[in-house]
Structure formats: C-alpha cells, structure tokens
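Engineer: Going by our numbering, the sequence shown opens with residue 454, and the numbers climb by one from there. Note that beta-carbon positions come from the ideal geometry of N, C-alpha and C, so glycine has one too. First the structure, then my questions, so here it is.
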Amino acid sequence: MSRDILICTVGTSLFSNIERLDDKEPLKVYEKKGNITGLVKELLKRNPRDRVCGAEINSITSIIEKGKLSERNELHFLISHTDEGWEIGEILKHYYQDSQNPYKFERVVATVIEGLKDYDVKKFKTEGLKNLVKEIAKIVREKGTERIVINATGGYKAQTSFAGLIGQALEIPVMYMFEKFEDIIELPPQPISFNFDLWLLHYESLDNLSKKNIAPYEEVKRLTADERLKTLIEVETINEEKHVALTPVGQLFHEMFLYRFKKEKNHLLGDIQPVKEEPAFSKHFYHNPPFGAETFVKRIWKDKKYIKTIRDFYTHPDLPERSRFEFDPKHNKIVLIFSDGRRTAKFNVEIPSQNEVTLKAALVDLNETYFNG
C-alpha cells in the first residue's frame, strides 16, 4: 500500500524567522496583528524552501518533492501545549488547506499534545512525551503503519528525538531535515532491544498504567519488583502514598509491543487447537445473569480457536465492574469478568496450556479484541 499520511512534529521556527524580518515586511505586520489569514497568503507567495517559512514547511516540501508520499491524503500536526504552539498549528493548518497551495493536503489536523510545554519540565516529562507517544500510536492504529511517514524535524529536541524513536519502534519511515541542509534525510533504524516475553508477563500492569497514567503502588507491585523494568516506570509520593507511572520510554515500550503483538499473535497462539466443548452455564448463573453475558461468552468461544470451553463460577446481582479479561496467577488461568453496569458474572476461560507466556498472549489477544479495540 502507498504512503499517503504524514505526521509532523511542530516547533516555532516560523515565528523566530519572522521576528528577524524588517518591521515593514508584510509577514511581520500580519504576525504582529495576529492576522492568520493574511500571514498564510503572504507565506503562499514565497518559495516553500525559503528559510523564513520555517522548518515544517521546508521539510514537508522536501518530503513531497523527493516522492516520499504517493498521495497527500492526510497531514497531522502535533503541536505544543502553548499559545505559540496553537497559533503555529492554525497557520500551518490553513496553509496546507489553501486551494492556492500546490502541495495542499485533502485533510489537515492540528492536535495539541497535552503537557508538551517547555516551561514546565515535570509536565513535559511525565505527560507531554507520553501523550506524544499515545497520539502517534492512536493514528497508527487507525490508519496502519504502511500508510504513514513521520517528519520529526520541528519542535523541541527531546520531542523530535522521541518522535523518531516511536517511528522506528513501529516500523514507520522517519524523516528529518538538519538546520543547514537543503533536503530531508531518512533516519537509519536504531537497535531497540526490548524483551517481548517481558512485556507479555507484565501486560496487565503496563496496560493499566497506560490507561490511568498513574496507579497506587500496591496495584502494580509486581511491576516495580522487576529490575528489568526500572527505566520504564517511576515511583512518586502523593499525599504520603506511593504511586507508579510509566516513563515516556515505558509508554513507548507498551505501544510498540501492542503493535508487534498484533502482527505475531497467530504465531504465538496458532498451535493451540483443542477439541472444543460448548460453554457451560450453571443454574445459579441463570437466576440473575448480566444482560448479554451468555451471548458474549458463546461469541468469544466460537471466535477464538484456542479456547476449549468457558464456565461460570460467580455471579452478583448488584455489583457493577469493568468488563475485562484478567490473569489469575494463583491458578495460572484466564478469567472473564463481564458486567452490564449493574450485575456481574465471572467465568473460567479454559485454554489447554500451562505456559504463562502463552496464556498471557491469549490474555492480550482477548482484551485487545473485545475491550480495547
């Protein structure tokens, strides 16, 4: 499939360049007045390789002219969580939507990355870079890696480095234009030696932190006990209680292996083909079952060839829970928790394997298929 979507990190070099112009220059006049329409019209009069247009326009022009995109369907600008960032985003959005622009894109989106602000170092590290990973991963999940190119030229150095690392982790071409270069270069792949089995073993805790951003220490205690994960998590004290959060590298680790898992799950689970037994439901279950539970259980049993059978072992008529699959380490098995928002039932999901990595692979597949999609 051809590449037709460009993700672009954004800095403020356009404003820095305009600031150096003479006060009577139309670009500077419009910028001082906050006139985005006028500023865009002036930019369109210039050669897009002119340095005054800024790193984003210069590098996008090179990407297009070098044929790195077969079509120009979507352009995603990832902008900083600042007033300047928002304004630059609006300028670039209008510039690439303008019918007078020969390099116009069909759809242009400017997304503010929460926490990506240079005057708050803690937020930049704990929120900004993690949210950058999440946003790129979200676009990748929706559009597919084979359609995307990343332009990591604009923005803070940490932001551009991380965007490059994300692209390489997710097997997406990453382009960069050095300050004094006329053209973009494609960054060479860098070795990323994260351990796949390690991720499978800690999937539940990592996924929990990815969704919540922060969790009580006791909730993810097993994660903190593994020395191999020390660069992926950080512990902080809030109101005299320990809490755990993913570092930006930890967020990348989780997103990267979610992507790789989807490519390799058939290899991990394809050999498990038990003799199937219809799901069994107890009399107690039928007294007050959660709405839709029986249909859901039969569906997943039919969908997933590696499931031998499913049996209920618990129901509660007045206990709402989050529906999910979880791993029971004491009995080395997968449990389905299903709730309709009022009633809850729990089921043993029988998979003929005692290998924890295999069972964790099934756990990831089930959660990603039915609850995290």
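1) Using a Cβ-Cβ cut-off of 7 Å (strictly less than) and excluding sequence neighbours within five positions of Leu600, which residues of its own chain qualify?
2) Following the continuous beta strand (DSSP E) through Arg560, name the residue where it begins and the one where it ends.
3) Pull up the DSSP beta-bridge partners for Ala698, would you.
4) Can you list, in chain order, the residues of its chain with a C-beta nearer than 7 Å to that of Glu779? Leave out the 5 residues immediately preceding and following it.
5) What residue range is occupied by the uninterrupted alpha helix (DSSP H) comprising His784?
6) Can you list, in chain order, the residues of its chain with a C-beta nearer than 7 Å to that of Phe577? Leave out the 5 residues immediately preceding and following it.
7) What number of angstroms, rounded off, separates the C-alpha of Pro743 from the C-alpha of His769?
8) With distance defined between alpha-carbon atoms, name the residue in Asp771, Arg796 and Gly597 nearest to Ala746.
9) How about Lys521 and Pro669: do their beta carbons lie closer than 9 Å?
10) Given Pro701, which residues of its chain have a CB within under 6 Å of its CB, disregarding the five upstream and five downstream residues?
11) State yes or no: is the C-beta of Phe738 within less than 9 Å of the C-beta of Ser776?
12) Entirely within the stretch 725 to 772 and at least 4 residues each: give me those alpha helix (DSSP H) ranges in chain order.
13) Less than 9 Å separating the beta-carbons of Asn470 and Val493?
14) Whose CA, out of Leu682, Arg713, Tyr712 and Phe710, lies closest to the CA of Ala698?
15) Going by C-alpha to C-alpha distance, which of Asp650, Ala733 and Asn741 sits closest to Leu812?
16) In angstroms with no decimal places, state the Cα-to-Cα distance between Ile753 and Thr690.
17) What's the C-alpha gap between Leu653 and Thr462?
18) Can you grab the Cα-Cα spacing for the pair Met709 / Gly703, in whole Å?
19) Tell me whether His769 counts as near the ligand GDP, meaning its Cβ is closer than 8 Å to at least one heavy atom of that ligand.
20) Determine the extent of the alpha helix (DSSP H) in which Ile458 is found, giving its start and end residues.
21) Assess, as a yes-or-no matter, whether the stretch 711 to 731 is touched by the stretch 813 to 822 under the definition of 3 or more beta carbon pairs within less than 8 Å.
22) Going by beta-carbon coordinates alone, are Leu705 and Phe615 separated by less than 9 Å?
23) Using the three-state DSSP reduction, which class does His655 fall into: helix, strand or coil?
24) On the criterion of 16 or more Cβ atoms from any shown chain inside 10 Å, does Ser663 qualify as buried, or is it exposed?
Structural biologist: Well, looking at it:
1) Contrary to the premise, residue 600 reads as Arg rather than Leu in this sequence. Met454, Arg456, Asp457 and Ile458, listed in sequence order.
2) Arg560 to Val565
3) Note: Ala698 is bridge-paired with Ile667 and Glu687 in the DSSP secondary-structure output.
4) Glu657, Val788 and Ile790
5) Segment: none, His784 is in no alpha helix (DSSP H) and carries neither H nor E.
6) Gly568, Leu569, Lys570 and Asp571
7) 9 Å
8) Considering only Asp771, Arg796 and Gly597, the residue with the shortest C-alpha distance to Ala746 is Arg796.
9) no
10) Take Pro701, set aside five residues on each side of it, and the residues of its chain with a beta-carbon closer than 6 Å to its own are Leu582 and Lys583, in chain order.
11) no
12) 736 to 740 and 746 to 756
13) It is not a contact, given that the beta carbons lie outside the stated cut-off.
14) Looking at Leu682, Arg713, Tyr712 and Phe710, the one whose alpha-carbon comes closest to that of Ala698 is Leu682.
15) Asp650
16) 41 Å
17) 31 Å
18) 10 Å
19) Ligands displayed in this structure: none; no statement on the ligand GDP is therefore possible.
20) Counting along the chain, Ile458 falls outside any alpha helix (DSSP H), though it belongs to the beta strand (DSSP E) covering Ile458 to Thr462.
21) yes
22) yes
23) coil
24) buried
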